[in-house]
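Heads up, the thing below is written out as structure tokens.
Here it is in structure tokens:
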């Protein structure tokens, strides 16, 4: 019996989850696998956040909160945006959900009609595509080249918008490429969007605090305040505070949009965990020393991988400006032959080879609509990253490339 609805045929399982699932299976068989597939910080949640969750549980904060989030967390979110981004949001312009993914799904579910268009900047987080397709939207992909820093240009954006466009997705900094936009670059995109009054902007800023080389993060809305009534800013505590398992994300946007999203959420989850919300209040309002410590560690890890890739013949990389991924070009090895004789005909096959031979799990770039690349997560210790890069170096040296036969 086929239990899945036909609309799921266009939806792929999460690429990073699938790769990590295979890596875990190999580990269970006794293989020494280094999993660089999943984007999850390896740090523990800071102790003051855990203590706040414990106090909330002991104090009896174990019941439903309002569907769109507790008053205390909404206040903390509002203060965060004023303090860090110079933005102001009222309580009715804020929704708290079970992670940033639910914020995004709530927004799309509340606004999309069948046949509406969603514009994505490729490479992009694969969830954007799957959520849009399951809701019967049509995708418009804007390829962002490495030579342009994996950023979309105003000209590209203008050419991609039609009368059917409902949403433009931005990811600042981006997963998987780590692309950063300056205030001026965002303002130029905003000038284009302003000419199309029916287009909404979803700015996913979950990696806001993970930036490198002293690059300054600018929220899309801070650069384009005139688009406040058409912008949903998405963020959360998962990445910056090492709280992926607490499942708290939040969205800030026009009150009418937030109201529609709350209606969706009321019938899907009834809201987020009360204890996780209390912990998130402590994260946002408490000391931020750990956020800085995490960022510094991610910078060192990025530098380690960048330096290692530069020494591996045949691989290419543009150093990411943010997030904790590196997008590595493997074009030279497409068409090459593995030691077992199998041909590597795309980046999926290349990623499979790395897992088979190097025992390093990586996600193929085609999962993000960019080939031929592989994505490595740098959310692991420097020791593991160093081992992984040594293994990758040894494995690619075994490949017989088509142009040289060696």
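In this note's numbering, the protein residues as written are 1331 to 1736.
Where is the CB? At the ideal position from N, CA and C, for every residue including glycine.
Fair warning: this is a prediction, and the values are worked out from it, not measured in the lab.
Cβ pair residue i, residue j closer than 8 Å
i	j	result
residue 1712	residue 1630	yes
residue 1672	residue 1702	no
residue 1471	residue 1452	yes
residue 1349	residue 1357	no
residue 1566	residue 1396	no
residue 1534	residue 1499	yes
residue 1536	residue 1568	yes
residue 1508	residue 1697	no
residue 1726	residue 1645	yes
residue 1580	residue 1425	yes
residue 1373	residue 1624	yes
residue 1622	residue 1658	no
residue 1635	residue 1677	no
residue 1715	residue 1708	yes
residue 1403	residue 1607	yes
residue 1685	residue 1691	yes
residue 1342	residue 1427	no
residue 1605	residue 1723	no
residue 1523	residue 1557	yes
residue 1561	residue 1531	yes
residue 1710	residue 1366	yes
residue 1467	residue 1446	yes
residue 1407	residue 1564	no
residue 1369	residue 1505	yes
Proximity test, Cβ basis, 8 Å: residue i and chain C
i	result
residue 1714	Given the protein chain composition of this structure (a single chain), no chain C is represented.
Residue i - DSSP class collapsed to helix/strand/coil
i	result
residue 1719	helix
residue 1362	coil
residue 1547	coil
residue 1484	helix
residue 1534	strand
residue 1458	helix
residue 1655	strand
residue 1473	strand
residue 1392	coil
residue 1437	helix
residue 1382	helix
residue 1352	helix
residue 1575	helix
residue 1347	helix
residue 1511	coil
residue 1687	helix
residue 1570	coil
residue 1555	helix
residue 1369	coil
residue 1339	helix
residue 1479	coil
residue 1711	coil
Counterpart residues of residue i in DSSP-defined beta bridges
i	result
residue 1468	1447
residue 1693	1705
residue 1667	1673, 1730
residue 1564	1534, 1581
residue 1501	1534
residue 1452	1473
residue 1495	1447
residue 1541	1652
Inter-residue spacing [alpha-carbon to alpha-carbon] between residue i and residue j
i	j	result
residue 1489	residue 1495	12 Å
residue 1585	residue 1422	6 Å
residue 1415	residue 1399	21 Å
residue 1541	residue 1651	6 Å
residue 1583	residue 1503	19 Å
residue 1412	residue 1633	32 Å
residue 1611	residue 1475	39 Å
residue 1379	residue 1573	9 Å
residue 1491	residue 1449	8 Å
residue 1550	residue 1729	43 Å
residue 1618	residue 1547	16 Å
residue 1463	residue 1637	38 Å
residue 1351	residue 1719	21 Å
residue 1559	residue 1616	30 Å
residue 1418	residue 1511	22 Å
residue 1739	residue 1570	The displayed coordinates of the chain run from 1331 to 1736. Any statement about residue 1739 would go beyond what the structure contains.
residue 1322	residue 1335	Lying outside 1331 to 1736, the shown extent of the chain, residue 1322 is not represented and no answer is given.
residue 1485	residue 1385	52 Å
residue 1731	residue 1667	7 Å
residue 1628	residue 1694	22 Å
residue 1554	residue 1516	7 Å
residue 1375	residue 1432	21 Å
residue 1458	residue 1338	14 Å
Residue i CB to nearest heavy atom of the ligand COA below 7 Å
i	result
residue 1658	As for the ligand COA, it is missing from this structure, which has no ligand bound.
For this session: Write down every uninterrupted run of the beta strand (DSSP E) in the stretch 1396 to 1428 whose length is 3 residues or greater and which is fully enclosed by it, in chain order.
Result: For the stretch 1396 to 1428, the full-length beta strand (DSSP E) segments reaching 3 residues or more read 1424 to 1427 along the chain.
For this session: Quick one: which unbroken beta strand (DSSP E) runs of 3-plus residues sit fully inside the stretch 1581 to 1651? Chain order, please.
Result: none
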